[in-house]
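**Q** Numbering (the working numbering), first residue to last: 933 to 1565. Beta carbons: idealized from backbone N, C-alpha and C, even for Gly.
Written out as structure tokens, the structure is:
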């Protein structure tokens, strides 16, 4: 196994008739499989020194230890013996030499608890347990305990500790493999993550509450099984609960409060088939995560639950028949209330995020597309795509505080919406939308990098035509600075999503498809509204300047400032100026290999501040703040 082998030594000593410990069980284990390779006979020390550990394949063995001949005479006992000696004051030292390995004058120390004062022998319950794990990186974990100190069950302890040895061997093998960055030859892999967040929102223009403060606790575990060289199965299970500080969550529906245990979701369950058709075709079938480009079109398939999950129920085929090119063809069907969700609190959460839709309506999303990625140009990503999406029709309840005379209800906000005053509902017709676009992302070595993406949307929303567009452009300069850790960079970003003009009979508002995630700003994401679908990017234009640097090798800081506008004047205020945006985010690497060699502990803390202008009715400063700690293993 070379450097990948993690050797584990488990030795159980019991007293012989002369009081000297003897070996009860000894095996060398392969750490990443946990199975016994071969019996191993230790090379016992004849001198009691560390030289006795030579010639035994590098494993650690407890030698017989030197013992003082008197209170202040003779050699000091070795540090190994000091770990297992009991009360040194319980008896005077013996000078009688025992049988077994050792030289004259080096005898087992008396005074062990349980020694028969008449015979000088140790009792069976004074068995000692020794465990040594030697990893490929040279580090060694040692455990050396008297058996009686942890249980009273005699041989039962030995059996249990043998099981523990096997478990430690497997874990240590995984640790060693990760440290050496070797290829994992195990068919089964396990992992997970634990995430803790606190979020604070104040005076977000589109939110009803003035202050929101809550904690989010998310935990997930996953497993992958390689069934063959060409097949892999992956499953992941996730749950998130929240604890509210402001406002009081009492009486609010479970879909909003996330009260424990909320919903336990299988958010990954797919089959991968690799290297089909002469290594030219890969297929993934099932519940999976998907992302293309910078995530401006396909990133989050379940926006209704925030960042708890992001899966797609999809089939994806990746074709590599053309050099330097990957062609992905996929089909998606995302149900508003998907299967494989345990819902003991009856939350009935809409995973697609149509939060005001009538619960009896099906607000399912389906899509199909082709995405071509090419790397034929040096240091440049070229991408073109065409994606068709359908959103089902649905109804939403309408407000009854209309100022219009003779009407109880507010008029629909968009031309494609229809008011049913008899039922008190607004009808949103089905959307059939085609999105075509491209992305170019060149890199300029140590100078910088750039990104340009543009797309156009056409289709039908009911009887209305759809014509919308998106432009995303950025340029980054790697600032030459004489520092090995600072790594500063400066970026300019322009982002524009078309908005719907209420004066026309068309729908010009951009639909973000499956990109309802924070993108450039957490605060603006919470403020984005499209129809009744909040958290839906549309009608936004901003210019952003950004500075990134690393004040410490474990810390990355990002400072941003920009001006935000709305292409269409459809807000509650009198103009199109959304305001000035300021951002400060810090990402911290707290460590790796804390409990196992492949685990990580990270954190971040961020602040978004918006100074609202005339697009909004309120001029109060809007704030979004968050800190997070995340452990992955």
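Out of 1230, 1189, 1248 and 1309, state which residue places its alpha-carbon closest to the alpha-carbon of residue 1203.
**A** The residue with the shortest Cα to Cα distance from residue 1203 is 1248.
**Q** Using the C-alpha atoms, what's the distance from residue 1214 back to residue 1308?
**A** Each residue's Cα considered, the two are about 21 Å apart.
**Q** Taking C-beta to C-beta, are residue 1458 and residue 1166 nearer than 8 Å?
**A** No, they are not a contact pair.
**Q** Over the uninterrupted alpha helix (DSSP H) stretch that includes residue 1209, give me the two end residues.
**A** Per DSSP, residue 1209 belongs to the alpha helix (DSSP H) from 1208–1211.
**Q** Let me know the secondary structure DSSP gives residue 1187 once reduced to three states.
**A** If DSSP states are grouped into helix, strand and coil, residue 1187 belongs with the helices.
**Q** Would you mind reading off the limits of the alpha helix (DSSP H) that contains residue 1500?
**A** Neither: residue 1500 is in no alpha helix (DSSP H) and is coded neither H nor E.
**Q** Would the beta-carbon of residue 1419 fall within 8 Å of that of residue 1320?
**A** Contact flag unset, no.
**Q** Using alpha carbons as the reference points, say which of 1382, 1401 and 1539 lies closest to residue 1428.
**A** Closest option to residue 1428, Cα to Cα, is 1401.
**Q** Which ranges would you report for the alpha helix (DSSP H) in the segment 1134–1219 if only whole runs of at least 4 residues count?
**A** 1186–1189 and 1208–1211, all fully within the segment 1134–1219.
**Q** So what's residue 983 in DSSP terms, helix, strand or just coil?
**A** Legend: pLDDT at residue 983 = 40, less than 50; position of this residue unreliable, value from coordinates given subsequently. Looking at residue 983 - three-state DSSP - the assignment turns out to be helix.
**Q** Measure how close the beta-carbons of residue 1318 and residue 1368 come, nearest whole angstrom, since I'm counting them as under 8 Å.
**A** Going by Cβ atoms, the distance from residue 1318 to residue 1368 rounds to 5 Å, so yes, they are a contact pair.
**Q** With C-beta atoms as the reference, is residue 1233 less than 8 Å away from residue 1243?
**A** Against a cut-off of 8 Å, the Cβ pair of residue 1243 and residue 1233 comes out as a contact.
**Q** Where residue 1358 and residue 1306 are concerned, what is the direct C-alpha to C-alpha distance, given to the nearest angstrom?
**A** Spanning the two alpha carbons is a distance of roughly 45 Å.
**Q** Is the separation between the beta-carbon of residue 1499 and that of residue 1471 shorter than 8 Å?
**A** In this structure, residue 1471 lies closer than 8 Å to residue 1499 by Cβ.
**Q** Have a look at residue 1151 and residue 1170 and give me their C-alpha separation to the nearest angstrom.
**A** Distance between the alpha carbons of residue 1151 and residue 1170 is about 6 Å.
**Q** According to the neighbour-count rule (16 or more other Cβ atoms, all chains shown, within 10 Å of its Cβ), is residue 1398 buried or exposed?
**A** Buried.
**Q** Using the Cα positions of residue 1112 and residue 1524, report the straight-line distance between them to the nearest angstrom.
**A** The predicted model places residue 1112 with a pLDDT of 44, which falls under 50 and marks its position as unreliable, so this point remains unresolved.
**Q** For a test of the three-state rule: what should DSSP assign to residue 1469, helix, strand or coil?
**A** Residue 1469 falls in the coil class under three-state DSSP.
**Q** From the DSSP output, in three-state form, read off residue 1455 for me.
**A** Reduced to three states, the DSSP call for residue 1455 is helix.
**Q** Let's see if you can read the secondary structure: which residues bound the beta strand (DSSP E) around residue 1425?
**A** Segment 1421–1429, the beta strand (DSSP E) holding residue 1425.
**Q** Residue ranges of each beta strand (DSSP E) run of no fewer than 3 residues wholly in the segment 1321–1380, ordered along the chain?
**A** Whole beta strand (DSSP E) segments, 3+ residues: 1326–1329, 1350–1352, 1357–1360 and 1363–1374.
**Q** If you draw a straight line from the alpha carbon of residue 1141 to that of residue 1393, how long is it in whole angstroms?
**A** Going by the C-alpha atoms only, they are around 32 Å apart.
**Q** Under 8 Å, do residue 1195 and residue 1281 count as touching if we go by C-beta distance?
**A** Cβ atoms of residue 1195 and residue 1281: closer than 8 Å.
**Q** Ends of the beta strand (DSSP E) at residue 1536?
**A** Residue 1536 -> beta strand (DSSP E) spans 1532–1544.
**Q** Does DSSP put residue 1235 in a helix, a strand or coil?
**A** Three-state result, residue 1235: helix.
**Q** Between which two residues does the beta strand (DSSP E) holding residue 1410 run?
**A** Residues 1396–1410.
**Q** What residues match up with residue 1477 in a beta bridge as DSSP calls it?
**A** DSSP lists 1424 and 1493 as partners of residue 1477.
**Q** Is it buried or exposed, residue 1218, if we count other Cβ atoms within 10 angstroms and call 16 or more buried?
**A** Counting Cβ neighbours within 10 Å, residue 1218 comes out buried, since at least 16 surround it.
**Q** Return the first residue and the last residue of the beta strand (DSSP E) that residue 1305 is part of.
**A** Its beta strand (DSSP E) spans residues 1297–1306.
**Q** What is the rounded straight-line gap between the Cα of residue 970 and the Cα of residue 1161?
**A** Because residue 970 sits at a pLDDT of 39, beneath the cut-off of 50, its placement in the model cannot be relied upon, and the point is left open.
**Q** Quick check: what's the CA-CA separation for residue 1330 versus residue 1342?
**A** Taking the straight line joining both Cα atoms gives about 7 Å.
**Q** At the level of alpha carbons, what is the spacing between residue 1469 and residue 1411?
**A** Those two C-alpha atoms are separated by around 32 Å.
**Q** Can you tell me which of the three DSSP states residue 1519 falls into?
**A** Of the three classes helix, strand and coil, the one that applies to residue 1519 here is strand, per DSSP.
**Q** Can you find at least 3 beta carbon pairs, one from the segment 1547–1560 and one from the segment 1509–1520, that sit closer than 8 Å?
**A** These segments touch.
**Q** Compare the Cα-Cα distances from residue 1271 to each of 1183, 1201 and 1326 and report the closest residue.
**A** Among 1183, 1201 and 1326, the Cα nearest to that of residue 1271 belongs to 1201.
**Q** Tell me the DSSP secondary structure of residue 1131 in three-state form.
**A** Looking at residue 1131 - three-state DSSP - the assignment turns out to be strand.
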